[in-house]
Every structure is written in C-alpha cells, then in structure tokens.
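Below is one structure, written out as structure tokens; the observations come after it.
There are 2 protein chains.
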Amino acid sequence: MVKPSIEQIADRITDAIMEHRLPPGSKLAEDKLAGAFNVSRTKIRQAFILLANEGLVTLHPNRGAFVTSPTTEQTRDIFKTRRLIEPEIIRDVIARASSQDIARLRKHLEEEAKARRTDDRRRVIRLSGEFHLLLAELAGNQVINKLMTELCPLTCLIIALYDGPKIPACPEDEHTQIIDAIEANDSATAIKLMKRHLSHIENELNIDAYEERDIHWESIYS
Amino acid sequence: MVKPSIEQIADRITDAIMEHRLPPGSKLAEDKLAGAFNVSRTKIRQAFILLANEGLVTLHPNRGAFVTSPTTEQTRDIFKTRRLIEPEIIRDVIARASSQDIARLRKHLEEEAKARRTDDRRRVIRLSGEFHLLLAELAGNQVINKLMTELCPLTCLIIALYDGPKIPACPEDEHTQIIDAIEANDSATAIKLMKRHLSHIENELNIDAYEERDIHWESIYS
DNA sequence: GTGTTTAAGATTGCGAACAATTTATACAAC
DNA sequence: GTTGTATAAATTGTTCGCAATCTTAAACAC
Chain A
252 MVKPSIEQIA DRITDAIMEH RLPPGSKLAE DKLAGAFNVS RTKIRQAFIL LANEGLVTLH
312 PNRGAFVTSP TTEQTRDIFK TRRLIEPEII RDVIARASSQ DIARLRKHLE EEAKARRTDD
372 RRRVIRLSGE FHLLLAELAG NQVINKLMTE LCPLTCLIIA LYDGPKIPAC PEDEHTQIID
432 AIEANDSATA IKLMKRHLSH IENELNIDAY EERDIHWESI YS
Chain B
252 MVKPSIEQIA DRITDAIMEH RLPPGSKLAE DKLAGAFNVS RTKIRQAFIL LANEGLVTLH
312 PNRGAFVTSP TTEQTRDIFK TRRLIEPEII RDVIARASSQ DIARLRKHLE EEAKARRTDD
372 RRRVIRLSGE FHLLLAELAG NQVINKLMTE LCPLTCLIIA LYDGPKIPAC PEDEHTQIID
432 AIEANDSATA IKLMKRHLSH IENELNIDAY EERDIHWESI YS
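Protein chains in written order, with this note's numbering: chain A, 252 to 473; chain B, 252 to 473.
Structure, rendered in structure tokens:
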C-alpha cells in the first residue's frame, strides 16, 4: 500500500468538502486523519497548510484545523470575482476550444444529468462545480485555472452553509444553454448566460438566516 | 529571540525574491534556511509548501526547493490575468477609497520616488510591485487581494528573468498618472492607463537567459 | 443547582533522529 | 581527456518523542 502525497491528501479532503460530507465548522483532528490516510501527522499538517492557504480550512493555533465557514463578505467577494473571471474564461474557450473539447463539455453535462436523475445529490453538487472547473481548464490560462480550482470548492462550501431547502447547486439547463452558446461562437450570449447563472446561484442563497455567523465584535465593544 | 511563524518565514523569502536577492533558479537548501531563521527544517519545509502553492518556489522531489523560473506561457497568463483584474480593482478603489486612502497612495508614490532618487534599485522594484498591492488592498475584495499578493511577486520574478538593460520595474510617472485619474474619479482614464502600464511592463521584457549567481545566506538573512 | 478551581487527559507545535535518495568524489578503464 | 563506476558525503523525506497548550471532567464552594 503506497502512501498518498500531501496533494493527494488535500484533494481527498477537498472532495469531501465539495460533496458536503465535511460540513463547515467540522473539526479535522490530526490523529484521526493520520490514521485514515495511514500517514504520520506531519503530512496531515502539511496538507492543512495547503488547504488553509486556499481558504477551505481555517487553522486556529493550538486548537486545530476546521472546515471554513465562509462569511457573507467572503461570499460576496467570491461571487464578484467569479463574475469577473468566468466571462473571460468563456471568451478564451470560444477562441481556443476544439470540437473534442466541446465533446468533453457535452459529456460532462450528460454526467450531471445522470446524477440528477438518480438523485445523487452529493454528486450533483460536485459535478456542478466541476463543470465550471472544466471550462476553466479549457480556457488555457493556468493562473485563472488555479484560481477557479480554489473558488469552486469555496462556492460548494457556501452552498452547504446558505443554500435554501430545495435548490440544486446549478440549474441543469443553464449549463446546457451556456455550452450551446459557446458552440455557436456566440460569446455575448454565453457571457450573459454565465453572469446570470452565477447571479442565480448567489441570489438563491438565504444569507440573512445565518447573519449571526459573522459578528463584528469590535463594533459591539467599541 | 522569538521564533518566526511559517508565514513570516514565507514572507521573508518572498521579500528576498521580490528584491531579486534570490534570483530565479536559486536552490533553497533546508539546512541553510533553518540555520538562517533559527528554526527546524520542519518549519522551512512548511514554508516551502506555501511558497510552492503560490508558484514562487518549485519543489523537485528528493532534490529540493528552487526559486521558480517562470516560463513564457506563465508570463503571458500572469499579465493577461492582471490586465483583467486590475481594471476591476481600479473601479472598486474609485468607488470605495476615502481621502485617507488616496493619501496612503500618494505617500507610497513619495517612497517610490525617494528610492528612485537614491538609486536603491532593489527597493524600487519591490515598491513598484507593492504599489499594485496597495491598490488591491484598497479595493476591498479579499479574493482579488490574495490573488494580487501572489501575482506581484511572480511579476517581480519575471522581471528578474527577462528585464531589459535599464528598465525600472514600473515607470514612475505612470503610477502617478493612475492615481491622478483615480482621485479625479475618472475610471475610464485610470483603467486605460493601468492597462497601458501593464502592457508597457510586459512589452519591455526580452527573452534572455538569466545569470545564476552565488548566494550568501548570511548577508541576506542577518 | 450554579459557578469556580484543580487536575487529568487529549491534542497540537516543534525539533531531533533515522531512513531514503541524490549529489559529489575518487579512481579505473578506454 | 572523457566516460563509467563505486564509494562517501550531503540533502531530503519521514517518523517518533517530548514540551506546550487546550479541553474535559471532577471536586469543591456558594
């Protein structure tokens, strides 16, 4: 049995967070994870450093690692950034994507639809996020791609925190419409749909219910 | 003597890279750094993980950590991303910045000018980068701010690799003009100037081999 | 019953020691 | 002079143990 690398450990934890198996606020005990992955605590700590740098995990000194609970400010910043970046991704995809790439996107849509039909909610959430990751990959900008690989899991975390009773992460047909517009080289429409899509997700969140999560102690005791 | 945190170690190394005291390709030996910072190798390795995640350092398994030598593709992606993001930063700064914030920017321009007058080239390079970081900070978007704190040192690295014979990282007056336009709430002009500014930097680069120098750790981290 | 103090237990932070791997050196062969 | 190989040295990768800190629980006072 070969031991996993730090990145592999971080990826496994990221997957668990994206699928909501590790809800926001979960304690990540070093010993438990070291046992689960069959490695020493050192490697777990190193994986935590990676995850903390991406914002998925928050480290409290001497107290341990916890799955981040994004604040409303972070939520706003994340969606604002995605609305800035993903239109650019679409422009690049339209400029660069081959027919094979479009086929990959279509295949991904199939996977999403299948997961939806079988009511595999966790899989739906992850695949919805990975649709945006696939687009970022096809755009061919490594900097933006890396940024998206951080923002997508964070968005999943936000959905876990704030999502309404029956909201599926991303409405399926919106993804399909975006790909239709991309395939038609209609960047204006694709960008408009993407922006609307992101706004849909953000607006479906009921942030008000959880406003107590980001309390400004300074303003209270000033 | 209090021991530095992982982040402080990473920041010190980042500073050294930004000031071109650690040129691209430099080997970062764990023992040497552990001695320089008076900590165990464990913390140095953790700092490396942070720096590698930001792209400043490249880890070669069993061979060690090296200051990254950005490729031409990475250079293109970094500048493309900055041209996308920094106009948005300017919009936000114009929308949010107080007169105090403008004063901070003016003060920074003073610092830059002073470093230029005293021919402190390393300081000029770093301050030029930090001007963009200050703008990002004032924009108030933590996601974008974090991205810029990664892209700026990388840009310094690129300048170290590819800069021409006598190009000062950023022409001084361009920064001043951008602030003038921001203070006048003229976002169109400020954005145009910023894009032109970034293009200037990118276009001044010439693709040449870099010269590897010997590094004296004691003098750098005394 | 509520709240405080104290002690035991558990967890994290750190560094030293050991193992695995690479790099440097010496030397022989061609 | 170069190439190849074997050995030694140096460096990285990992584990383990100990100290510091936090958490829990029990004992105690009110």
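Yeah, the Cβ is synthetic: ideal placement off N, Cα and C, and Gly gets one too.
Query	Result
Mind checking who H451(B) pairs with in its DSSP beta bridge?	The partner list for H451(B) (beta bridge, DSSP) is empty, contrary to what the question assumes.
Using the Cβ count rule (16 or more neighbours within 10 Å means buried), how would you classify G380(A)?	buried
Please work out which residues of its chain come closer than 8 Å, Cβ to Cβ, to T440(B), disregarding the five sequence neighbours upstream and downstream, and give them in chain order.	A432
State yes or no: is the C-beta of E401(B) within less than 8 Å of the C-beta of E305(B)?	yes
Closer than 8 Å by beta-carbon distance: list the chain B residues that pair up with E362(A), in chain order.	Ordered by position in chain B, no residue passes the 8 Å Cβ test against E362(A), which lies about 28 Å from the chain.
Could you name the residues of chain B that A412(A) contacts, counting a contact when the two beta carbons are closer than 8 Å?	Correcting the residue type first, residue 412(A) is Leu in the shown sequence and not Ala. Those within 8 Å of L412(A) in chain B number zero; the least Cβ separation is about 17 Å.
Have a look at E270(A) and F299(A) and give me their C-alpha separation to the nearest angstrom.	18 Å
According to DSSP, what are the bridge partners of A316(B)?	L279(B) and L310(B)
Can you list the residues of chain B that Y297(A) reaches, using a CB-CB cut of under 9 Å?	The displayed chain sequence assigns Gln, not Tyr, to residue 297(A). Going along chain B in sequence order, the residues near Q297(A) (Cβ under 9 Å) are R296, Q297 and I300.
Which residues of the region 269-294 of chain A have a Cβ closer than 9 Å to any Cβ of chain B? Give them in chain order.	T293
Between N392(A) and chain B, is the shortest Cβ-Cβ distance under 8 Å, so that the two count as touching?	yes
Please list, in chain order, all residues of the same chain as D262(A) whose beta carbon is under 6 Å from its beta carbon, the five residues on each side excluded.	none
So for R272(B), helix, strand or coil by DSSP?	coil
Return no unless some Cβ of chain A is closer than 8 Å to the Cβ of D262(B).	no
Under 8 Å, do L385(B) and L356(B) count as touching if we go by C-beta distance?	yes
Counting Cβ pairs, one atom from each stretch, are 3 or more of them under 8 Å apart for the region 391-399 of chain B and the region 327-347 of chain B?	yes
Whole angstroms are fine: how far does the CA of S438(A) sit from the CA of R296(B)?	45 Å
So, with DSSP's three-state summary, where would you put N396(B)?	helix
Would the beta-carbon of I326(B) fall within 8 Å of that of F317(B)?	A small fix is needed here, since residue 326(B) is Thr in this sequence, not Ile. In this structure, F317(B) does not lie closer than 8 Å to T326(B) by Cβ.
Spell out whether any CB of chain A is found under 8 Å from the CB atom of Q259(B).	no
Go ahead and label D414(B) buried or exposed: buried means 16 or more other beta carbons lie within 10 angstroms of its beta carbon, across all protein chains shown.	buried
Taking 7 Å as the cut-off, does the CB of D437(A) come closer than this to any heavy atom belonging to the ligand GDP?	This structure simply doesn't include the ligand GDP, nor any ligand for that matter.
So, at 8 Å on beta carbons, what are the nonlocal neighbours of G315(B) in its own chain, with the 5 sequence-adjacent residues on each side left out?	K278, L279, A280 and E281
Would a check of beta-carbon distances place K331(A) closer than 8 Å to chain B?	yes
Mark H311(B) as exposed unless 16 or more other C-beta atoms lie within 10 angstroms of its C-beta, in which case mark it buried.	exposed
For a contact meaning CB atoms closer than 9 Å, what does E339(B) contact in chain A?	K331, T332 and L335
Name, going along the chain, the residues of the region 301-324 of chain B whose beta-carbon falls closer than 7 Å to a beta-carbon of chain A.	L301 and N304
Could you give the C-beta distance for H448(A) and E425(A), rounded to a whole number, given that I count them as a contact under 8 Å?	5 Å
Within 8 Å (strictly less), CB to CB, does I395(A) reach chain B?	yes
With 8 Å as the threshold, decide whether the Cβ of E469(A) is near any Cβ in chain B.	Only weak support is given to the placement of E469(A): the predicted model assigns it a pLDDT of 49, under 50, and the value that follows is read from those uncertain coordinates. No, its Cβ sits nowhere closer than 8 Å to a Cβ of chain B.
If we define contact as Cβ-Cβ less than 8 Å, is I442(A) a contact residue for chain B?	no
Roughly how far, in whole angstroms, is the beta-carbon of G391(A) from the beta-carbon of R347(A), given that I think they are within contact range, below 8 Å?	5 Å
Could you say which of T406(A), D266(A) and E361(A) lies nearest to L456(A) if we only look at CA atoms?	T406(A)
Quick one: residues in its chain with C-beta nearer than 6 Å to the C-beta of Q428(A), no 5 flanking neighbours on either side, listed in chain order?	L444
So, are the CB atoms of T319(A) and L301(A) less than 8 Å apart?	no
Among I257(A), P274(A), E453(A) and Q259(A), which has the Cα closest to the Cα of P373(A)?	It should be noted that the sequence gives Arg, not Pro, for residue 373(A). Comparing Cα-Cα distances from R373(A) to each of I257(A), P274(A), E453(A) and Q259(A), the minimum goes to P274(A).
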